[in-house]
Amino acid sequence: MRAGQSSPRSRRRSGSTRRRADPRSSPSRSRNHPGNRRGGSQTGPAIENSLLEPLFKPLLQELVTRTGMETIYLTRIHWRDHEQEILLSVNEEPKNLWIPEEVRLDYSDAVCRYVLEGGPSSTDNVPLVFPASDVARFLRFQSFASVPIEIGEEEVYGTLCGASTGRVKLDDLQMHELRRSARRIALWLSRNAAQLPVGMVAN
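Numbering (our numbering) for the sequence shown: -17 to 185.
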């Protein structure tokens, strides 16, 4: 998202006015989406960005370098609210593609939804592979990759995603790096969420 643009059904986490684009139809929520997996909670720990940034911003920056994607971003999925939140993002210079932080959008609009529901983990032809995604079309995604951040017993906390407006075909090693980073984030969440100070974690 470039500065000054509005995205489909997105809003700031603080609760400010929802930014709207032209009305668009949304796919209905799947009964089989990952938030309904056995053992997965509908909430999970909510951790402030100020705590995550020094820990994982350098990791996201490294992934931008290793993958060649224009942006790498970390999300949390609020299954109960049917929303996706952008927690952290790193946008490469020059900013042909800019994903803001602390923005929520309807989960039906999330590009990673198509991956979580069985689509390919990466593609360099988003218009062909995910033609129904309004957000991908709005942001001019040509390449996209996404891996889940799983904690507990198959609980999908969120996703680690990469996107580009140009063709970027990730190889097996680059996808391994993306998955390894997602596991690292998931491990930290699993180990530390219960020990964080009051106010850092909210159900």
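The beta-carbon is built from N, C-alpha and C at its ideal position, and this holds for glycine as well.
- In this structure Arg86 is buried. Its beta-carbon is surrounded by 16 or more other beta-carbon atoms within 10 angstroms.
- Counting every other CB atom within 10 Å of its CB across the protein chains shown gives Leu155 a total below 16, marking it as exposed.
- Secondary structure of Arg86 (DSSP, three-state): strand.
- Scanning Ser32, His158, Leu169, Asn174 for the CA closest to the CA of Glu84 turns up Ser32.
- Under the three-state reduction of DSSP output, Ser32 falls in the helix class.
- Taking the Cα positions, Thr147 is about 15 Å away from Ser128.
- Here Leu56 is near Leu69, since their CB atoms are less than 7 Å apart.
- Taken through DSSP and simplified to helix, strand or coil, Val93 comes out as coil.
- Take Met157, set aside five residues on each side of it, and the residues of its chain with a beta-carbon closer than 8 Å to its own are Ser103, Ser104, Ala127, Val129, in chain order.
- Rounded to the nearest whole angstrom, the C-alpha separation of Glu132 and Lys39 is 19 Å.
- The beta carbon of Glu65 is closer than 8 Å to those of Ile59, Arg86, Leu87, Asp88, Tyr89 in its chain, skipping five residues each way along the sequence.
- Per DSSP, Ser163 is one residue of the alpha helix (DSSP H) stretching across 154 to 174.
- Taking 7 Å as the cut-off, the beta carbon of Gly144 is found no closer than this to the beta carbon of Thr47.
- Checking the DSSP bridge columns, you'll see Arg58 partnered with Glu67, Gly140.
- Taking a 10 Å sphere around the C-beta of Gln43, we find fewer than 16 other C-beta atoms and assign the residue as exposed.
- Among the bridge pairs identified by DSSP, Thr49 is matched with none.
- With a contact defined as Cβ atoms closer than 8 Å, Trp170 and Leu41 miss out at about 10 Å.
- No residue range can be given for Phe112, since it is assigned to no beta strand (DSSP E) and is classified by DSSP as neither H nor E.
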